[in-house]
Amino acid sequence: MFRLILIFTFLASGLSAQEAEPPMTYERLGKILFALDPETEPLGPGFQLTIAEVPVLVITDVNADRMRAMVSIQSVEDLSAQDMQRMMQANFDSTLDARYAIANGTLWAAFIHPLSRLERDQLISGLAQTVNIANTYGTLYSSGVAEFGGGDSNDLQRALIEELLKKGEDI
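Per my numbering, the very first residue in the sequence shown carries number 2; after that it's consecutive.
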């Protein structure tokens, strides 16, 4: 019985912590993005900003309750079958919340999430992961969140996530 009480207490505290953060809106999203890059520009239903010298496009659709962050990588004309296979493998195990995607003849790094349920730290982590998979295309194909191996890449990629989380702390 004591274990059951502990489990319910833990679940209840977790639910109240989740409810403490307001739903994501276009306005709140903008405030977070401006904290990450003061030169963020509103662009129609979205924003354009720069993270770690990489241009990022964030588009919202309030009616569909969706948000998409994207980084253009290259034209699809230059993709080989081996590139496609490696990206699909990475989408399965090393890109985590961001993904490689193709649209309108362009290879993209993308993070897609329901807008209203998006939490601040999820947004920040998703943006950093998107930049990381764009930057590691052709090499590690990694979001930087969970990396296996003994090299320096994990620490370098994780540093971007930590830096962005710190910038967005007070929002």
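Each residue gets a CB set at the ideal place from its N, CA and C atoms; glycine is no exception.
Let me know the secondary structure DSSP gives residue i once reduced to three states.
| i | result |
| --- | --- |
| Glu163 | helix |
| Glu42 | strand |
| Ile33 | helix |
| Ala21 | coil |
| Pro56 | strand |
Rounded to the nearest angstrom, how far is the Cβ of residue i from that of residue j, given a contact under 8 Å?
| i | j | result |
| --- | --- | --- |
| Leu34 | Thr41 | 5 Å |
| Gln59 | Met68 | Note that residue 59 is Val in the sequence shown, not Gln. At roughly 7 Å, the Cβ-Cβ gap stays under 8 Å, so Val59 and Met68 are in contact. |
| Val57 | Thr131 | 7 Å |
| Ala36 | Gly169 | 5 Å |
| Ser95 | Ser143 | 5 Å |
| Glu22 | Glu163 | Their Cβ separation, rounded to whole angstroms, is 20 Å, which puts Glu22 and Glu163 out of contact at 8 Å. |
| Thr61 | Pro39 | Not confirmed; about 20 Å, so no contact. |
Taking all protein chains shown into account, decide if residue i is buried (16 or more other Cβ within 10 angstroms of its Cβ) or exposed.
| i | result |
| --- | --- |
| Arg100 | buried |
| Thr178 | A question about residue 178 goes unanswered here, because the residues of the chain that appear run from 2 up to 172. |
| Phe48 | buried |
| Met71 | buried |
| Arg118 | exposed |
| Ala91 | buried |
| Leu116 | buried |
| Leu97 | buried |
| Leu161 | buried |
| Leu180 | This structure leaves residue 180 out entirely; the chain is present only between 2 and 172. |
| Leu165 | buried |
- Message: Which runs of the alpha helix (DSSP H) at least 4 residues long sit entirely within the region 71-153? Give them in chain order.
- Response: 82-94, 121-136
- Using 8 Å as the threshold, is the region 95-115 in touch with the region 134-142, meaning 3 or more CB pairs across them? yes
- Using 8 Å as the threshold, is the region 124-133 in touch with the region 78-90, meaning 3 or more CB pairs across them? no
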